[in-house]
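**Q** Chains as they are written, first to last, in our numbering: chain A, 5 to 286; chain B, 82 to 368; chain C, 30 to 353. Where is the CB? At the ideal position from N, CA and C, for every residue including glycine. All values reported here derive from a predicted model rather than from experimental measurement. What follows is a structure written as structure tokens; I'll ask about it next.
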Amino acid sequence: MKTRLARHWISGSMIGLTYLAAVLATLPLLLILAHLIRKGAASLSLSFFTHMPGPVGETGGGMANAIVGTLILISIACAIGLPIGIGAGIYLSEKRSMPLAQSVRFLSDVLNGLPSIVMGIFAWTLLVRPVGHFSALAGGGALGAMMIPLVTRTTEEMLRVVPTSLREAALALGYPRWRTSLSVVVRTALAGIATGALVAVARIAGETAPLLFTALGNQFWSTSLREPIAALPLQIFAYAISAYDEWHAQAWAGALVLISIVLVISLAARVVTRSKFGAPVD
Amino acid sequence: MLQSIEVSPGARVIPRVVAPRAASAEARETATPEKPCIITSHLSAFFGDAPAIKDVSMVVPQQAVTAIIGPSGCGKSTLLRCINRMHETGPNTRVDGQVEILGSAIYGDGTSATAVRRHVGMVFQRPTPFPTMSIRTNVAAGLRADPRSRLAQENVDEIVEKALHRAGLWEEVKDRLNESAMTLSGGQQQRLCIARALATRPRVILLDEPTASLDPLSTQKVEELVYDLRETVTVVIVTHNMQQAARVSDRTAFLLAGELIELAPTNALFTAPMDPRTEAYITGRFG
Amino acid sequence: MTAVPAPAVSTDRRRLTVHETAIGDRIYEIVTTACALVVPALVIAIAIAIFAGAWPAFSKLGLSIVTSSDWDVRAGRFGAAPAIFGTLVSSALALIIATPLAIGVAIFLSEFSPTWLRQPIGFLVDLLAAVPSVVYGLWGIFVLVPLLREQVMPFLRDRLHLGATPFFSGPAYGPSMLAAGVILAIMALPYISAVSREVLMAVPRSQREAALALGATRWEMIRDAVIPYAKSGIIGGIMLGLGRALGETMAVTMVIGNRAEISASLFAPGYTMASLIANQFSEATSDLHQSALLAVGAILFVITLIVNAVARWLVWQVSRDRAV
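And the structure:
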């Protein structure tokens, strides 16, 4: 039998350890951010956003093509992932307990845990191999497929919060089911759904692995959907594993830009959540 | 009458509201109403295999207020929700039998629940204004969903004003029609919901314990409103409050364990119930 | 029923229109159902595409693709054992490092944190999940790897005399299994801690108060009353973190050294399935090479599928218990 004192001593030190864990767990993020800002800011300038990548051995140059490419890829992904994801989320919330709903819910979760590299090779077999060349479309498709399960689950979650009484009120008013769903249930949960969409965008904006064999990357300016396209994460990867100090510096600057984009979107998602059930539209 | 007055705490109110119109109500009511509005025949409703109401046949007259009373869980709300086909919106539900509203069978092949609900307004226990809409759009919400009222779109403002007048809310909200409906008090929200139900000019209004979540003052306003509604529309009100039934209704139905025990002119039901179970309930022996 | 009048036939002539086609509802239902069906269709399509692509390699190489550690592209030999080994070891290492930290943070946040700290710390930990993998990789290459090579590895091997064991022996390469494990630990941490925090928060107050009332110290309360209650949910969170670690590609590719060898030492470079695919897929010219890489993808797909399914099942178990 341990003494009372020993038991309290153990309790105190275990609690102390959880404090330590909290410190250790937050440390990496702070370190990463500190390094990004210190190293990235040094080579960040206006020309980084407006200029093309420079040749080896030359300082300066930018990632204008990669920034635009990332925006194009995100747009394609949203065009695919948002409507399908939101539609599937609506289905899950309307048909909550149907067998199909149960399995869709489960498979969305499974898909959410799928390694992004697997999504990359899948998109390659479907969108690259048959046409014989890499393309922005294939990259955006891979990212869009990743968005679907993310958006599906958050949409369902947000719709679930809408009280049933509102649904019933709309139905009793003679709203058809589709209209009840769209202009009352979805409309009420819109802020939440937007948050989910933003979180999904933040998540795919930094994805690299699905783009390796789809969008491929491009050292030149291209906005064609049928051509390989540059992307910020791909460019960072290529520069990081290169042997040149100038490129390493560019990689840090690119990473700072990328994480800023991701953080801004994540913060925007938080702000949108806060304004939930805001003012009426008209 | 004496019997119920002795036991009910709200007894003092009853004579004031009921007495002046008791005579006219009785004059209007005969054994069978002359102008039936809602006729249910052998109506049963189920949750899964469990029946919530069993074989209910009743006639609700036009332009009158019919109250449905009974202990909690007796199927009052389910009966009400069968009249505008809301019962079937729940999972695993089923309705047997037939309901006719003004001569149209509302269940059966080719009938549309949505179309039925346009003729039958409903107000729930708790106020349900649409949170994303303004006061004005809330009232107009039903109009927008109704293909028949496309022509009426031009005078939406007029219809909104009229509906708010009828719900006794116009004076309180006329300067803030564009504000969110969520800025209203609970009682105002409930009257807004009544205005919303009235705006589409339904033939029937169903009220499911409309004052359950309201304070006494708001309750009184809603009751006065219900009393006036009979001029133009058939009203069915579910209430757990016998005094309320006595105050606002012309006829009262007593439901027990899913069965319709008695349906009679309110006065008659409360003063001379035919069934001993009704008597037991209204004298407070159970429920 | 005595007072109920017999149902009469209404004579009102203003009949209601109760007939209407619900075409809008039909369309809406078809559209949303179609969207929902995309999800299972995607899972099936992924499985078919990858297994079809992997089939030539499976049929030609047989079991040797999992058992052989000889990966020689020019010779046409594709044994992925080192990559499978590397995936398992780096993920296991990640869990060993991340689990105590993640659970510690979760306990801190759900039990001990001052209220004003709860939001910011929770936010910072959640933010770890938002950092793109390539950024972790970049940081790994230029900060973590040099730190491990110059400080941590010599310290572990020489000061702590762990060099005597095979796990911490040999020259201190920078890019190594250890580097991969550490970076994966950081990446898996937010997933484990988010789920753990959620299930710990869900433990009823009464559970805690009962333990305290019996004279337990605060730690004993956590150990005996809170953790057992949340156990399967926490395990689910760990599995979820494992799923992340197994499939993580970029950061690992950038710090693991990419050498197809099985070594007991954590200081030695290695390979993972994901990094093998990332490195070689776009350069794979022979059909068999491509197919072998797809086969590696198929194995990875199956492993993560199982891990994620088990994780989900465990977490659902907890949330279902809570609902009852």
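(1) Residues of chain A with CB closer than 7 Å to the CB of B:ALA48, please, in chain order.
(2) Would you verify that the beta carbon of A:LEU170 is, or is not, closer than 8 Å to some beta carbon of chain B?
(3) Under 7 Å Cβ-Cβ, which residues of chain B neighbour C:ALA76?
(4) Using a C-beta cutoff of 8 Å, does C:VAL47 count as contacting chain A?
(5) Specify, as a first and last residue, the run of the alpha helix (DSSP H) that C:PHE13 falls within.
(6) What is the DSSP secondary structure of C:VAL160, reduced to helix, strand or coil?
(7) Among C:LEU213, C:ARG178 and C:PHE80, which one has its Cα closest to the Cα of C:PRO200?
(8) For the stretch 172-189 of chain B against the stretch 273-281 of chain B, do three or more pairs of beta-carbon atoms, one drawn from each stretch, fall closer than 8 Å, so that the two count as touching?
(9) Taking three-plus beta-carbon pairs below 8 Å as touching, is the stretch 219-235 of chain A in contact with the stretch 97-109 of chain A?
(10) Is the beta carbon of C:MET279 less than 8 Å from the beta carbon of C:GLY115?
(11) Return the chain-ordered list of same chain residues with a C-beta closer than 8 Å to the C-beta of A:ALA272, the five sequence neighbours on each side being excluded.
(12) Which class does C:ASP99 belong to by DSSP, given the choice of helix, strand or coil?
(13) Output the distance between the C-alpha atoms of B:ARG102 and B:GLU242, rounded to the nearest integer angstrom.
(14) Spell out a yes or no on whether the stretch 218-229 of chain C and the stretch 314-324 of chain C are touching, meaning 3 or more CB-CB pairs, one atom from each, closer than 8 Å.
(15) Do you know whose CA, among C:VAL102, C:SER119 and C:ALA127, lies nearest C:ILE267's CA?
(16) Note down, in chain order, all residues in the stretch 165-195 of chain B with a beta-carbon under 8 Å from any beta-carbon belonging to chain C.
(17) Name, please, each residue of chain B whose Cβ falls closer than 8 Å to the Cβ of C:ALA51.
(18) Excluding five sequence neighbours on each side, which residues of the same chain lie with their C-beta closer than 6 Å to the C-beta of C:VAL339?
(19) Would you tell me roughly how many angstroms separate the C-alpha atoms of A:ALA198 and A:SER101, rounded to the nearest one?
(20) Quick check on A:LEU220: does DSSP put it in helix, strand or coil?
(21) Among the residues of its own chain, which have a CB less than 6 Å from the CB of A:CYS82, if the five just before and after it don't count?
(22) Could you name the residues of the stretch 205-230 of chain C whose beta carbon sits closer than 8 Å to any beta carbon of chain A, in the order they occur along the chain?
(23) Keeping to the same chain, check which residues put their C-beta closer than 6 Å to that of B:THR111; ignore five residues upstream and five downstream.
(24) Could you please give me the residues that DSSP links to A:MET162 through a beta bridge?
(25) Is the separation between the beta-carbon of C:GLY169 and that of C:ILE212 shorter than 8 Å?
(26) Please state whether the Cβ-Cβ distance between C:ALA254 and C:ALA242 is less than 8 Å.
(27) Run the CB neighbour count on A:PHE224, radius 10 Å, all protein chains shown included, and call it buried at 16 or more, exposed below.
(28) Between the stretch 280-299 of chain B and chain C, which residues of the former have CB atoms less than 9 Å from a CB of the latter, in chain order?
(29) Since A:ASP113 meets chain C, which of its residues come closer than 8 Å, beta carbon to beta carbon?
(30) Under 7 Å between beta-carbons, which chain C residues line up against B:HIS200? List them in chain order, please.
(31) For C:ALA78, tell me which candidate among A:LEU130, A:ALA29, A:SER49 and A:GLU160 has the shortest Cα-Cα distance.
(32) Is the CB of B:PHE205 under 8 Å away from at least one CB in chain A?
(33) Just by C-beta distance, which residues in the stretch 243-258 of chain C are closer than 7 Å to chain A?
(34) Less than 6 Å between C-beta atoms, sequence neighbours within five positions excluded: which residues of the same chain meet that for C:ASP354?
(35) What do you get for B:LEU310, buried or exposed, if any count of 16 or more other CB atoms within 10 angstroms of its CB means buried?
(36) Run the CB neighbour count on C:ARG55, radius 10 Å, all protein chains shown included, and call it buried at 16 or more, exposed below.
**A** Quick look at the numbers:
(1) The structure shown has nothing for residue 48 of chain B, since chain B only spans 82 to 368.
(2) yes
(3) Those do not exist, as C:ALA76 stays about 32 Å from chain B at its closest Cβ, beyond 7 Å.
(4) no
(5) Because chain C in this structure spans residues 30 to 353, residue 13 of chain C falls outside the shown range and cannot be described.
(6) coil
(7) C:ARG178
(8) no
(9) no
(10) no
(11) LEU202
(12) coil
(13) Below a pLDDT of 50, predicted positions are generally treated as unreliable, and B:ARG102, at 41, falls in that range; the measurement from the model is reported next regardless. Cα-Cα distance, rounded: 29 Å.
(14) no
(15) C:ALA127
(16) GLU181, ILE182, LEU183, GLY184, SER185, ALA186, ILE187, GLY191, THR192, SER193 and THR195
(17) SER193 and THR195
(18) MET268
(19) 25 Å
(20) strand
(21) none
(22) ILE215, LEU218 and SER222
(23) The predicted position of B:THR111 is uncertain, since its pLDDT is 42 and thus under 50; a value taken from the coordinates is nonetheless stated next. Excluding positions up to five away in sequence, the list is empty.
(24) None, per the DSSP bridge assignment.
(25) yes
(26) no
(27) exposed
(28) ARG284
(29) ASN337 and ARG341
(30) LEU45
(31) A:LEU130
(32) yes
(33) THR246, ARG247, TRP248 and GLU249
(34) Since the first residue shown for chain C is 30 and the last is 353, residue 354 of chain C is missing from the structure and cannot be characterised.
(35) buried
(36) exposed
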